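For the sequence shown, the working numbering gives the first residue as 1, with consecutive numbering after it.
Presented below is the structure to which this report refers.
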Amino acid sequence: MSKNILSAKADFPALNQSVNDHPLVYLDNAATTQKPQVVIDSLVHYYSRLNANIHRGNHALAVQATEAYEAARRKVAGFINAERNHEVIFTRGTTESINLLAYSFGEKFVQPGDEIIVTQLEHHSNYVPWQLMCQRREAAFRVLPFDEHGELDLTLFQRMLNEKTRLVAVNQVSNSLGTVNPVEEIIRLAHEHDIPVLVDAAQSVQHLPRDVRELDADFYVFSGHKMYGPMGIGVFYGKEKWLEVLPPFLSGGEMIDLVTPEKVTFNVLPYKFEAGTPNVAGAIGLGAAVDYLRQFDAAELQKYEEDLLAYGLQLLSDIPDLIIYGSPKHRSSILPFNVAGIQHYDMGVLLDSMGIAVRTGQHCTQPIMDALHVSGTVRASLALYNDRADLDALAAGVRRAIKMLKR
Ligand code: PLP
1 MSKNILSAKA DFPALNQSVN DHPLVYLDNA ATTQKPQVVI DSLVHYYSRL
51 NANIHRGNHA LAVQATEAYE AARRKVAGFI NAERNHEVIF TRGTTESINL
101 LAYSFGEKFV QPGDEIIVTQ LEHHSNYVPW QLMCQRREAA FRVLPFDEHG
151 ELDLTLFQRM LNEKTRLVAV NQVSNSLGTV NPVEEIIRLA HEHDIPVLVD
201 AAQSVQHLPR DVRELDADFY VFSGHKMYGP MGIGVFYGKE KWLEVLPPFL
251 SGGEMIDLVT PEKVTFNVLP YKFEAGTPNV AGAIGLGAAV DYLRQFDAAE
301 LQKYEEDLLA YGLQLLSDIP DLIIYGSPKH RSSILPFNVA GIQHYDMGVL
351 LDSMGIAVRT GQHCTQPIMD ALHVSGTVRA SLALYNDRAD LDALAAGVRR
401 AIKMLKR
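Pasting the structure below:
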């Protein structure tokens, strides 16, 4: 039987504390989620019982640590339904995964005059690496804008695709607006022109169905720390046919086969892309987070989170002078807002004084803020352990802050 969602809060020790003399209401989950005890325990177990470097020792701990690391890879591959375990590369997180691809792909496949398409809804992590790569390779950096609802225009996207387009990079859920982008359709349209697509799943892997084969994503990346796993670990998934032909990003130990002064050959997948000592504990912790998430019924969890989001949006929209940004048909987990006449930062400070953790500012998406003509927003973001009481506290906190600031 699947685990009861309403019992989840008790699994996260960090949620059970007071902040500024109020019980913590944690609504900054898009920045990072809290960790369940099982993930924390897996890290403690690794460092207290298993710690050894992997793949290169033949003593008992090295063998066990290697096996635990590779078991984590298998768990992650199963979680995203990768066809092969070696299509899962461990990185430090989404940012490193995208840098890996921008560097390797740019080096091998991008020539002067070629084009890369990203969207105006991207986090800087899925924007700047492509922008810099385009500068290096003298390629054109093209940005698909979003409309007044915070949605991408697929007709415009179709018109942007041409014989010079080399790759499309798009997030599945926008971290600033929560828009769920039609990545299935984007992939289908790009594939009609044989153009590969990178899906930034940093804000979707923990909320939406995750199936790289059904999506037919060429590349799919995410961070462990936003899906209840440890910091410093993330995933770069690539279809085998791409990983075989892409050059390595980082070089050094482990990623090589033969090294002589004249020549170097590379290790097999996935090791070709995992130079140096990896974050073994992080990978094992991510595996524990996958096990934790898989205890819930995925469809039930998605429905729970969507209902909670709708509840929160309704509560906020009842507050006078409160502006909610974007009105996409499908939104996930993000409540972006401001109150007319109040700085987002001041709102954040006052909410914090009430024990309510939200994020304020640009959320690493300056192109979105510029398009909205704001210097920043307040962002509340949900995780599976949030409940209606958290959103009631948020709405009450916002009303109180308005009273204090507009007095
Ligand atoms: N992409 C999106 C959509 C994000 O929300 C984030 C982080 O907020 C990132 C990429 C970068 O993730 P990380 O800092 O874990 O590398």
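By construction, the Cβ of each residue, glycine as well, lies at the ideal position given by its N, Cα and C atoms.
Only a predicted model underlies this, so the values are computations on that prediction, with no experimental measurement involved.
Starting from residue 137 and walking both ways along the alpha helix (DSSP H), at which residues does that stretch end?
Position 137 of the sequence shown, counting from 1, holds the residue named residue 137. 128-137 is the extent of the alpha helix (DSSP H) around residue 137.
Closer than 5 Å from C-beta to any heavy atom of ligand 1: which residues, in chain order?
93, 94, 95, 123, 125, 171, 175, 200, 202, 203 and 223
Can you name the start and end residues of the beta strand (DSSP E) that residue 171 belongs to?
Here residue 171 refers to the residue found at position 171 of the sequence shown. Start and end: 165-171.
Would you call the segment 135-144 in contact with the segment 208-219, where contact means no fewer than 3 C-beta pairs closer than 8 Å?
no
For residue 312, the three-state DSSP class (helix, strand or coil):
Here residue 312 is taken as the residue at index 312 of the sequence shown, counted from 1. Looking at residue 312 - three-state DSSP - the assignment turns out to be helix.
When you compare only the Cα positions, how much space is there between residue 107 and residue 266?
Here residue 107 refers to the residue found at position 107 of the sequence shown. Here residue 266 refers to the residue found at position 266 of the sequence shown. Those two C-alpha atoms are separated by around 17 Å.
In terms of residue numbering, what span does the alpha helix (DSSP H) encompassing residue 380 cover?
Taking the sequence shown and counting its residues from 1, the one referred to as residue 380 is at position 380. From DSSP, residue 380 is part of no alpha helix (DSSP H) but of the beta strand (DSSP E) over 377-381.
Looking at the strands, I want to know which residues DSSP matches up with residue 90.
Taking the first residue of the sequence shown as 1, we reach residue 90 at position 90. BP columns for residue 90 point to 235.
Continuous beta strand (DSSP E) stretch holding residue 220: start and end:
For the purposes of this step, residue 220 is taken as the residue at position 220 of the sequence shown. It spans 219-223 - the beta strand (DSSP E) in which residue 220 sits, taken as one unbroken run.
Sufficient close CB pairs (3 or more, under 8 Å) joining the segment 119-136 to the segment 159-175:
yes
Ordered list of beta strand (DSSP E) runs contained in the segment 146-215, each at least 3 residues:
165-171 and 197-200
Option in 334, 159, 91 and 87 with minimal Cα separation from residue 379:
Taking the first residue of the sequence shown as 1, we reach residue 379 at position 379. If we check each option's Cα against that of residue 379, 334 comes out closest.
Start and end residues, beta strand (DSSP E) containing residue 495:
Any answer about residue 495 is impossible in this case: the structure gives the chain only from 1 up to 407.
Can you tell which of 385, 25, 2 and 19 has the C-alpha that lies nearest to the C-alpha of residue 207?
For the purposes of this step, residue 207 is taken as residue 207 along the sequence shown, with counting starting at 1. Ranking the options by Cα distance to residue 207, first place goes to 385.
Beta carbon of residue 175, beta carbon of residue 203: below 7 Å?
Numbered from its first residue, the sequence shown carries residue 175 at position 175. Numbered from its first residue, the sequence shown carries residue 203 at position 203. Yes, these two residues count as a Cβ contact at 7 Å.
Can you tell me which of 406, 149, 390 and 178 puts its alpha carbon nearest to the alpha carbon of residue 22?
Looking up residue 22 in the sequence shown gives position 22. Answer by Cα proximity: 390.
Buried or exposed: which applies to residue 155, given that a residue is buried once 16 or more other Cβ atoms fall within 10 Å of its Cβ?
Reading the sequence shown from its first residue, position 155 is the one you call residue 155. Exposed is the call here.
Own chain partners of residue 315 with C-beta closer than 8 Å, once the 5 adjacent residues on each side are dropped:
Residue numbering aside, residue 315 sits at position 315 when the sequence shown is read from its first letter. So the qualifying residues of the chain are 391, 392, 394 and 395.
Residue 185 versus residue 237 - alpha carbon distance
Your numbering for residue 185 matches position 185 in the sequence shown. Your numbering for residue 237 matches position 237 in the sequence shown. The straight-line gap from Cα to Cα measures roughly 20 Å.
Under DSSP, the alpha helix (DSSP H) around residue 396 begins and ends at which residues?
Taking the sequence shown and counting its residues from 1, one reaches residue 396 at position 396. Taken as a continuous stretch (DSSP letters only), the alpha helix (DSSP H) holding residue 396 covers 388-406.
Classify residue 296 as helix, strand or coil using the three-state DSSP reduction.
Here residue 296 is taken as the residue at index 296 of the sequence shown, counted from 1. Residue state, collapsed to three classes: coil.
Can at least three beta-carbon pairs, one atom from the segment 342-350 and one from the segment 292-300, be found at a separation below 8 Å?
no
Option in 178, 99, 177 and 167 with minimal Cα separation from residue 187
Locating residue 187 in the sequence shown gives position 187, where the first residue counts as 1. Among 178, 99, 177 and 167, the Cα nearest to that of residue 187 belongs to 167.
Please tell me whether residue 201 and residue 220 are closer than 7 Å, where the distance is taken between their beta carbons.
Residue 201 sits at position 201 when you count from the first residue of the sequence shown. Residue 220 sits at position 220 when you count from the first residue of the sequence shown. Yes, Cβ-Cβ distance for residue 201 and residue 220 is below 7 Å.
Quick test of your reading: residue 230 and residue 287, contact by CB under 8 Å. State the CB separation rounded to the nearest angstrom.
To locate residue 230, count along the sequence shown from 1; it is residue 230. To locate residue 287, count along the sequence shown from 1; it is residue 287. About 10 Å; that fails the 8 Å criterion.
DSSP three-state call for residue 84: helix, strand or coil?
Here residue 84 is taken as the residue at index 84 of the sequence shown, counted from 1. Correct three-state label for residue 84: coil.
Which of the three DSSP states is assigned to residue 56 in this structure?
On the sequence shown, position 56 is the one that residue 56 refers to. In the structure shown, residue 56 sits in coil (DSSP, three-state: anything other than H, G, I, E or B).
Within 10 angstroms of the Cβ of residue 81, are there 16 or more other Cβ atoms? Answer buried if so, exposed if not.
Taking the sequence shown and counting its residues from 1, one reaches residue 81 at position 81. Flag for residue 81 reads exposed.
Can you tell me whether residue 259 is buried or exposed, with buried defined as 16 or more other CB within 10 angstroms of its CB?
Start at 1 with the first residue of the sequence shown, and residue 259 comes out as number 259. Under this definition residue 259 is an exposed residue.
Looking at C-beta atoms only, is the number of pairs between the segment 11-20 and the segment 34-41 that lie closer than 8 Å three or more?
yes
Return the first residue and the last residue of the beta strand (DSSP E) that residue 336 is part of.
Locating residue 336 in the sequence shown gives position 336, where the first residue counts as 1. That run of the beta strand (DSSP E) goes 334-339.
Less than 6 Å between C-beta atoms, sequence neighbours within five positions excluded: which residues of the same chain meet that for residue 322?
Taking the sequence shown and counting its residues from 1, the one referred to as residue 322 is at position 322. Closer than 6 Å at Cβ, skipping near neighbours: 316, 337 and 339.
Are residue 248 and residue 272 close, meaning C-beta to C-beta below 7 Å?
Start at 1 with the first residue of the sequence shown, and residue 248 comes out as number 248. Start at 1 with the first residue of the sequence shown, and residue 272 comes out as number 272. For residue 248 and residue 272, yes; Cβs fall inside 7 Å.
Limits of the alpha helix (DSSP H) - the one that residue 371 falls within:
Within the sequence shown, numbered from 1, the residue matching residue 371 stands at position 371. Its alpha helix (DSSP H) spans residues 366-372.
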